[in-house]
Amino acid sequence: MADTVNNAVTMEKLVSLAKRRGFVFQSSEIYGGLSSAWDYGPLGVELKNRVRDFWWREMTQLHDDIVGLDAAIMMHPRVWEASGHVANFTDPLVDCKNCKNRFREDQLPEDNRRARRCPECGGPLTEPRNFNLMFKTHIGPVEDEASVVYLRPETAQGIYVNFRNVVQSSRVKIPFGIAQIGKAFRNEITTKNFIFRTCEFEQMEMQFFVKPDEDGRWFEHWKSERMAYYAKLGVRPEKLRFRQHGADELAFYAKIAFDIEYEFPFGWKELEGIHDRTNYDLSRHAEYSGKDLNFLDEESHERYIPYIIETSAGLTRTVLMILADAYEEQEVPGEEESRVVMHFHPKIAPITVGVFPLVKKDGLAEIAREIEKGLREDFSTFYDQGGAIGRRYRRQDEIGTPYCLTVDYQTKEDKTVTLRFRDSMEQIRVPISELSERIRTEIKAYKRVGS
Ligand code: ATP
Numbered sequence: 002m003a004d005t006v007n008n009a010v011t012m013e014k015l016v017s018l019a020k021r022r023g024f025v026f027q028s029s030e031i032y033g034g035l036s037s038a039w040d041y042g043p044l045g046v047e048l049k050n051r052v053r054d055f056w057w058r059e060m061t062q063l064h065d066d067i068v069g070l071d072a073a074i075m076m077h078p079r080v081w082e083a084s085g086h087v088a089n090f091t092d093p094l095v096d097c098k099n100c101k102n103r104f105r106e107d108q109l110p111e112d113n114r115r116a117r118r119c120p121e122c123g124g125p126l127t128e129p130r131n132f133n134l135m136f137k138t139h140i141g142p143v144e145d146e147a148s149v150v151y152l153r154p155e156t157a158q159g160i161y162v163n164f165r166n167v168v169q170s171s172r173v174k175i176p177f178g179i180a181q182i183g184k185a186f187r188n189e190i191t192t193k194n195f196i197f198r199t200c201e202f203e204q205m206e207m208q209f210f211v212k213p214d215e216d217g218r219w220f221e222h223w224k225s226e227r228m229a230y231y232a233k234l235g236v237r238p239e240k241l242r243f244r245q246h247g248a249d250e251l252a253f254y255a256k257i258a259f260d261i262e263y264e265f266p267f268g269w270k271e272l273e274g275i276h277d278r279t280n281y282d283l284s285r286h287a288e289y290s291g292k293d294l295n296f297l298d299e300e301s302h303e304r305y306i307p308y309i310i311e312t313s314a315g316l317t318r319t320v321l322m323i324l325a326d327a328y329e330e331q332e333v334p335g336e337e338e339s340r341v342v343m344h345f346h347p348k349i350a351p352i353t354v355g356v357f358p359l360v361k362k363d364g365l366a367e368i369a370r371e372i373e374k375g376l377r378e379d380f381s382t383f384y385d386q387g388g389a390i391g392r393r394y395r396r397q398d399e400i401g402t403p404y405c406l407t408v409d410y411q412t413k414e415d416k417t418v419t420l421r422f423r424d425s426m427e428q429i430r431v432p433i434s435e436l437s438e439r440i441r442t443e444i445k446a447y448k449r450v451g452s
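Structure representation (structure tokens):
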């Protein structure tokens with residue numbers, strides 16, 4: 002069994018591993034990079050897609066009362082007036098008159114805020130100015146007020162404005178939910194901590210429509226469902242907690258709000274928000290559009306504007322959380338170098354099975370290739386025949402491949418291979434004919450080993 006060398010994963014280590022192994026690259030890097038924009042490399046896109054698919058499956062396939070949607074990023078500008086974003090989606094911006102650094106006033110340490118002095122250099126700060134976070138552009142060749150469109154700052158509004166369409170076209174009955182995953186854009190004043198806060202990001206949102214007097218019950222329901230989801234995703238429970246919004250930070254439309262927070266290397270931060278948005282959104286859209294957004298309950302013959310319980314998670318922020326949560330550096334008995342292992346849950350690991358011949362010669366490579374081809378139908382695989390076997394295992398540990406199998410001379414005699422488990426480094430012999438089934442069983446039963 003290996004011992005943890007250093008549990009305190011740092012952002013430097015994560016950013017370096019992410020770049021070195023092709024998870025996340027700085028955007029436009031050859032031009033010096035674009036601040037706060039990031040690209041997902043060959044392994045990063047696999048990880049992100051798997052997290053996305055995992056959420057989608059959890060929220061739609063496993064709930065017969067939730068349907069999906071994929072709305073356009075650009076929407077009618079009135080949407081953002083109705084939603085309150087044009088008037089209220091602002092951050093208070095302050096500048097340091099001395100070092101010219103820019104901050105969100107509400108994020109300054111209390112002392113700096115009171116003294117109106119810069120946390121970087123101690124210089125004087127300007128008065129706060131409200132800065133709207135929406136990116137504004139124009140449709141068509143004329144840049145006038147009539148052609149203004151915004152890049153959506155959240156995916157939620159696409160769901161609200163389609164409420165009537167979904168009710169009329171699907172056989173949904175309240176209570177029901179609409180789920181959506183997509184890009185959102187915010188002109189954030191301060192973007193730091195890698196992919197934690199970026200101007201372009203992805204959200205996974207589910208809006209659940211309920212009867213006005215049943216919001217409390219559903220709010221509690223979704224709070225516990227969402228926490229249970231992270232356990233299923235393989236996240237260490239001691240790194241997660243709820244935090245209730247105080248009256249001073251509650252959004253104007255929200256009745257009650259909780260964040261699910263994760264303990265990132267830079268502290269406890271929001272991962273997901275769960276909000277009781279009351280009937281604010283649909284009432285406003287009814288008012289601004291002039292359309293009737295009441296729901297007619299066919300059984301009780303009641304008409305009402307539903308309340309909405311929202312669960313809003315960041316996909317790209319979840320990827321950072323997964324990277325941080327998976328990382329471990331271990332001392333391996335009898336080995337000089339420590340090993341870095343990413344404990345991704347096998348359901349979201351970019352590669353599920355690494356396949357190696359012990360050596361290239363004597364027909365072992367051909368057998369390994371054949372096995373790898375056979376497994377491709379069911380799993381994402383990676384074939385590697387280069388270098389010492391120990392090194393090949395380490396490379397897969399570092400990208401979080403949960404299972405590796407090695408073809409050796411015994412394979413030619415008894416048609417078995419070595420199956421090695423990433424977390425425990427335990428090795429067993431498994432008949433080639435049973436590999437698919439065995440791996441499937443292991444994925445279902447997976448429990449993280451190590452810290
Ligand atoms: P903050 O107050 O930190 O700016 P928020 O409370 O406005 O964030 P929400 O509007 O509740 O965030 O967004 C829901 C989720 O979307 C967040 O929990 C987060 O995971 C994700 N998210 C929001 N803004 C960003 C961003 N700039 N970059 C990456 N993810 C984001």
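If you read the sequence shown in this note's numbering, its first letter stands for residue 2, the second for the next number, and so on.
Where is the CB? At the ideal position from N, CA and C, for every residue including glycine.
For residue i, does the three-state DSSP call read helix, strand or coil?
{"i": "alanine 147", "result": "helix"}
{"i": "histidine 276", "result": "strand"}
{"i": "valine 87", "result": "helix"}
{"i": "proline 67", "result": "The residue asked about is misnamed: residue 67 is isoleucine in this sequence, not proline. Strand."}
{"i": "leucine 14", "result": "First, the residue type needs correcting, since residue 14 is lysine and not leucine in the sequence shown. Helix."}
{"i": "methionine 135", "result": "coil"}
{"i": "serine 313", "result": "strand"}
{"i": "glutamate 155", "result": "coil"}
{"i": "proline 358", "result": "strand"}
{"i": "leucine 376", "result": "helix"}
{"i": "tyrosine 384", "result": "strand"}
{"i": "methionine 76", "result": "coil"}
{"i": "leucine 251", "result": "coil"}
{"i": "arginine 393", "result": "helix"}
{"i": "leucine 297", "result": "strand"}
{"i": "arginine 21", "result": "helix"}
{"i": "lysine 270", "result": "strand"}
{"i": "arginine 1", "result": "There is simply no residue 1 to check, as the chain begins at 2 and stops at 452 in what is shown."}
{"i": "tyrosine 308", "result": "strand"}
{"i": "arginine 130", "result": "strand"}
Let's see if you can read the secondary structure: which residues bound the beta strand (DSSP E) around residue i?
{"i": "glutamate 288", "result": "It is not in any beta strand (DSSP E) - glutamate 288 instead sits in the alpha helix (DSSP H) that spans 281-290."}
{"i": "glutamate 206", "result": "201-211"}
{"i": "phenylalanine 177", "result": "177-186"}
{"i": "glutamate 329", "result": "328-332"}
{"i": "leucine 241", "result": "241-245"}
{"i": "arginine 340", "result": "340-343"}
{"i": "valine 25", "result": "25-27"}
May I ask which residues mark the beginning and end of the alpha helix (DSSP H) holding residue i?
{"i": "phenylalanine 55", "result": "43-57"}
{"i": "arginine 218", "result": "216-233"}
{"i": "glutamine 62", "result": "Element bounds for glutamine 62: n/a, residue is neither H nor E."}
{"i": "isoleucine 257", "result": "Note, isoleucine 257: premise wrong, no alpha helix (DSSP H); beta strand (DSSP E) at 257-265."}
{"i": "phenylalanine 164", "result": "164-170"}
List the whole-angstrom C-beta distance separating residue i from residue j, where the pair is believed to meet the contact cut-off of C-beta under 8 Å.
{"i": "valine 162", "j": "isoleucine 179", "result": "Not a contact, Cβ separation roughly 11 Å."}
{"i": "glycine 69", "j": "glutamine 208", "result": "So it is not a contact: roughly 12 Å between Cβ atoms."}
{"i": "lysine 256", "j": "tyrosine 263", "result": "Actually they do not touch by this definition, with Cβ atoms about 25 Å apart."}
{"i": "leucine 129", "j": "histidine 86", "result": "Residue identity differs from the one stated: residue 129 is proline in this sequence, not leucine. Contact flag wrong, Cβ pair sits at about 19 Å."}
{"i": "leucine 420", "j": "valine 408", "result": "About 11 Å separates the two Cβ atoms, so there is no contact after all."}
{"i": "lysine 44", "j": "isoleucine 323", "result": "For clarity, residue 44 is leucine in the given sequence; the question names lysine instead. At roughly 12 Å, the Cβ-Cβ gap does not stay under 8 Å, so leucine 44 and isoleucine 323 are not in contact."}
{"i": "valine 16", "j": "phenylalanine 195", "result": "6 Å"}
{"i": "tryptophan 56", "j": "methionine 205", "result": "5 Å"}
Does the ligand GTP have even one heavy atom less than 7 Å from the beta-carbon of residue i?
{"i": "threonine 91", "result": "Looking for the ligand GTP in the displayed structure turns up nothing; the ligands present are the ligand ATP."}
Inset, instruction - Specify whether the region 352-364 and the region 331-340 touch according to this definition: at least 3 beta carbon pairs, one from each stretch, less than 8 Å apart. - result: No, because fewer than three Cβ pairs between the region 352-364 and the region 331-340 fall closer than 8 Å, the two stretches do not touch.
Inset, instruction - At 3 residues or longer, and completely inside the region 396-439: list those beta strand (DSSP E) runs for me, N to C. - result: The region 396-439 contains these whole beta strand (DSSP E) runs: 404-408, 417-422 and 428-432.
Inset, instruction - State whether the region 14-27 contacts the region 38-51, with contact taken as three or more CB pairs (one from each stretch) at a distance under 8 Å. - result: They touch, by the three-pair rule.
Inset, instruction - Scan the region 81-128 and note each continuous beta strand (DSSP E) run of 3 residues or more that stays entirely inside, going in chain order. - result: Runs of the beta strand (DSSP E) inside the region 81-128: 91-96 and 103-105.
Inset, instruction - Would you be able to state if there are at least three C-beta pairs under 8 Å between the region 191-205 and the region 289-299? - result: In this structure the region 289-299 does not touch the region 191-205; the number of beta carbon pairs closer than 8 Å is below three.
Inset, instruction - Give a yes or no on contact between the region 136-155 and the region 182-197, applying the rule of three or more CB pairs nearer than 8 Å. - result: Verdict: yes, contact present.
Inset, instruction - Say whether the region 297-312 touches the region 270-282, bearing in mind that this needs 3 or more beta-carbon pairs closer than 8 Å, one atom from each stretch. - result: Proximity of the region 297-312 to the region 270-282 meets the contact definition, three or more beta-carbon pairs being nearer than 8 Å.
Inset, instruction - Answer yes if the region 339-353 comes into contact with the region 228-248, meaning at least three C-beta pairs across the two stretches below 8 Å, and no otherwise. - result: Flag = yes, the region 228-248 and the region 339-353 touch.
Legend entry - Three-pair Cβ contact test at 8 Å for the region 119-136 versus the region 96-103: By the Cβ criterion, the region 119-136 is in contact with the region 96-103, since at least three pairs of Cβ atoms, one from each stretch, lie closer than 8 Å.
Inset, instruction - Determine contact between the region 53-70 and the region 169-176, defined as no fewer than three beta-carbon pairs at a distance below 8 Å. - result: The region 53-70 vs the region 169-176: in contact.
Legend entry - Meets three-Cβ-pair contact criterion under 8 Å: the region 210-229 and the region 431-443: Taking a cut-off of 8 Å for Cβ pairs, the region 210-229 and the region 431-443 do not touch, as fewer than three such pairs fall below it.
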